[in-house]
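Colleague: Pasting in a structure now, in structure tokens, and then I'll have a few things to ask.
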Amino acid sequence: LDIWVYQLGWADGPYPPTHWETLHWLQDMGFRVNPEIGRYDGLEGVERHYHQWADRRHDLEYEIDGLVVKADPFQHYERLGVVGREPRWATAYKFPPIQATTKLLGIEINIGRTGTLNPYAVLEPVQVGGVTVSKATLHNEEDIRRKDVRVGDTVIVQRAGDVIPQVVGPVVSKRTGRVKVFVMPDRCPVCGTPVVRPEGEVMRYCPNPACPAQAFRWLTHFVSRGAMDIEGLGESWCYVLLEQGLVKNPADIYSLTKEQLVGLERMGEKSAENLLSAIEASKDRPLGRLIFALGIRHVGSEIAVLLASQFGSIDALARASVEELAAIPTVGPRIAESVHQYFRDASNLGVIEKLRRAGVRMAEEIAAAPPEGPLAGLRFVITGSLASMPRSKAEEFIRQLGGSASDSVTKKTDYVVVGESPGSKLRKAQQYGTRLLSEQEFLELLRQHGAI
């Protein structure tokens with residue numbers, strides 16, 4: 473293995489005041505620093521460097537898809553800050569994707585874990601940036617219609633971000649009279665159920681929760697590394713468990729026995745024991761992982777963690793109204809409606825109840841409040857998002873100081889901490905005359921009592 477060092481993460485002691493000097497300091501200590509870095513006083517030099525490597529990228533012994541431009545003085549880093557995981561003191565400039573032309577042999581349908589009918593292109597194999605591409609995404613039927621892509625066309629293919637193959641569009645000048653317009657199926661190609669297209673959405677869905685394709689996608693998603701992370705339970709074993717009737721939904725995983733597993737071909741006693749241990753270990757995953765694993769439509773891993781920090785438990789999330797959900801920054805009405813509807817579905821609630829009975833963690837771990845403390849007896853509610861910390865961390869500080877944190881405002885609430893984009897809790901607090909704290913006032917309160 474070999475590496476290029478591109479950033480100083482931490483140093484015990486003094487280090488140079490700029491990124492440029494730090495890289496050379498690291499190089500002097502024996503670390504490998506990329507020799508193609510550059511330092512410029514203005515954007516003109518940055519653009520020149522970018523265009524130089526956009527033309528020469530294939531001269532390198534490794535693949536690159538763009539350049540990263542950073543502010544040089546470290547003194548700017550703290551002032552510019554970070555939004556989510558994205559630093560404001562650095563930005564990526566991607567190169568235009570590499571393209572190639574090939575024949576579109578057909579369009580087929582893949583069923584997603586939430587029932588979406590996802591069309592993809594079957595291509596005559598072609599080299600794109602050193603990779604052989606034979607399939608490519610077409611997103612949805614609107615994308616196909618907008619691009620006017622037809623089966624039999626010569627099409628332009630590129631790898632988005634130099635990773636995901638996608639069809640850009642047809643080469644109309646090469647179109648023959650033998651091309652065929654693609655029509656989306658009105659029935660699920662796997663289970664035959666009539667598909668639906670919700671108003672305002674571009675995707676068609678198979679509404680059958682028992683659809684084998686959906687069950688497989690949901691199961692593989694549930695056990696994946698970003699979700700419940702059950703080691704040893706990959707796609708092939710998920711397929712076997714479903715095919716053998718041992719599992720119908722993800723909750724059934726927690727009912728598997730050693731006897732059932734050993735009875736499967738290529739599953740020995742030791743492998744069965746290891747898999748059962750991995751399943752048991754997954755019961756204690758953080759709440760955000762569980763919410764993501766449930767496969768709620770439009771809810772990715774980051775939104776799942778946000779919902780976990782905002783509500784603290786599956787039960788609180790299930791009780792949330794569309795308005796409460798939509799008031800959370802970055803959630804919005806579409807995700808809010810999807811989450812709300814998920815918890816109104818009897819089959820979904822059945823899966824959650826089975827997970828609960830199996831001992832899967834359904835709430836964030838909350839440290840018990842000390843019996844005495846400067847905030848003892850005081851009740852806090854946080855509304856909106858805080859720029860300085862997640863809501864769960866703020867509530868943890870409150871409890872450490874002896875106070876209690878709730879997710880609803882009542883006449884007994886002492887303080888409401890008001891963050892960005894507050895929801896209905898602010899209106900209720902104003903009705904009750906509850907004392908309001910800005911984020912800065914809340915932080916000052918924590919500093920005053922030594923919490924931060």
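Under my numbering, the letters of the sequence shown match residues 473 to 924, in that order. Cβ coordinates follow ideal geometry from the N, Cα and C atoms, glycine included.
Does DSSP classify T588 as helix, strand or coil?
Modeller: Strand.
Colleague: Quick check on the DSSP output: the alpha helix (DSSP H) that includes I628 runs from which residue to which?
Modeller: No alpha helix (DSSP H) holds I628; the beta strand (DSSP E) holding it covers 626-632.
Colleague: Whose C-alpha, out of V621, P679, V540, V639, is nearest the C-alpha of R560?
Modeller: Checking every option, the nearest Cα to that of R560 belongs to V540.
Colleague: Do you know how far the Cα of R769 is from the Cα of E671?
Modeller: Between E671 and R769, the C-alpha separation is close to 15 Å.
Colleague: Can you tell which of A808, R907, A859 has its C-alpha closest to the C-alpha of G553?
Modeller: Answer by Cα proximity: A859.
Colleague: What does the Cβ neighbour count give for W690, buried or exposed, with the cut at 16 atoms within 10 Å?
Modeller: With 16 or more Cβ atoms within 10 Å of its Cβ, W690 is classed as buried.
Colleague: Between L918 and the rest of its own chain, which residues show a CB-CB distance below 6 Å, the 5 nearest in sequence each way excluded?
Modeller: Result list for L918: F869, I924, in chain order.
Colleague: One question on the structure: do F914 and A877 come within less than 7 Å of each other, judged by their Cβ atoms?
Modeller: Not closer than 7 Å, so no.
Colleague: Taking all protein chains shown into account, decide if N506 is buried (16 or more other Cβ within 10 angstroms of its Cβ) or exposed.
Modeller: So N506 counts as exposed.
Colleague: Residues in the same chain with beta-carbon distance under 7 Å from T692, minus the five sequence neighbours each way, listed in chain order, please.
Modeller: Cβ within range, chain order: E707, C710.
Colleague: Would the beta-carbon of K607 fall within 7 Å of that of T626?
Modeller: No. Outside cutoff.
Colleague: So within the segment 508-570, which uninterrupted alpha helix (DSSP H) runs reach at least 4 residues, ignoring any that extend past its ends?
Modeller: Qualifying alpha helix (DSSP H) stretches, in chain order: 515-528, 547-552.
Colleague: Report the rounded CA-to-CA distance for P568 versus H530, giving the unit in angstroms.
Modeller: Approximately 13 Å between the Cα atoms of the pair.
Colleague: Candidates Q920, I725, A723, E741: which alpha carbon is nearest E731's?
Modeller: Considering only alpha carbons, the answer is E741.
Colleague: Identify, in the order they occur along the chain, each residue of the same chain with its Cβ nearer than 8 Å to the Cβ of V888, setting aside the five sequence neighbours on each side.
Modeller: The residues are F852, V853, I854, T855, V881, K897, L898, A901, T906, R907, L908, L909.
Colleague: Just list the beta strand (DSSP E) runs in the segment 622-690, keeping only unbroken ones of 3 residues or longer that don't cross its boundaries, in chain order.
Modeller: Runs found: 626-632, 636-642.
Colleague: In the structure shown, what three-state DSSP assignment does F852 receive?
Modeller: It is a strand residue.
Colleague: Report yes or no: do the segment 544-553 and the segment 600-616 share at least 3 C-beta pairs separated by less than 8 Å?
Modeller: Because the criterion of three Cβ pairs below 8 Å is not met, the segment 544-553 and the segment 600-616 do not touch.
Colleague: Tell me which residue opens and which closes the beta strand (DSSP E) that S960 is part of.
Modeller: Because the chain spans 473 through 924 in this model, residue 960 falls outside it and cannot be assessed.
Colleague: Run through DSSP, which three-state label would T609 get?
Modeller: Looking at T609 - three-state DSSP - the assignment turns out to be strand.
Colleague: Confirm, please, whether the CB-CB distance from A765 to M834 is below 7 Å.
Modeller: It is not a contact, given that the beta carbons lie outside the stated cut-off.
Colleague: Go through its chain and collect everything with a Cβ distance to N721's Cβ below 6 Å, but skip five positions before and after it.
Modeller: V823.
Colleague: Using C-beta distances below 6 Å, list every residue in its chain close to L423, excluding the 5 sequence neighbours before and after it, in chain order.
Modeller: Beyond the ends of the chain as shown, which are 473 and 924, falls residue 423; an answer cannot be given.
Colleague: Does G922 come out as helix, strand or coil in the three-state DSSP assignment?
Modeller: Here G922 sits in coil by DSSP.
Colleague: Taking Cβ to Cβ, would you say V674 is nearer than 7 Å to N612?
Modeller: Closer than 7 Å, so yes.
Colleague: Can you pull the DSSP bridge partners for Y887?
Modeller: Answer is F852, R907.
Colleague: Since A835 sits in a beta bridge, which residues does DSSP pair it with?
Modeller: Looking at the DSSP assignment, A835 forms a beta bridge with S785.
Colleague: Kindly indicate the opening and closing residues of the alpha helix (DSSP H) around K755.
Modeller: First-last for K755: undefined, no H or E at that position.
Colleague: Between the alpha carbons of V777 and Q479, how many angstroms are there, rounded?
Modeller: Using only the alpha carbons, I get a separation of about 28 Å.
Colleague: Roughly how many angstroms separate the alpha carbons of F694 and R676, rounded to a whole number?
Modeller: Going from the Cα of F694 to the Cα of R676 covers about 22 Å.
Colleague: In this structure, what does DSSP give as the bridge partners for L595?
Modeller: DSSP lists L576 as partners of L595.
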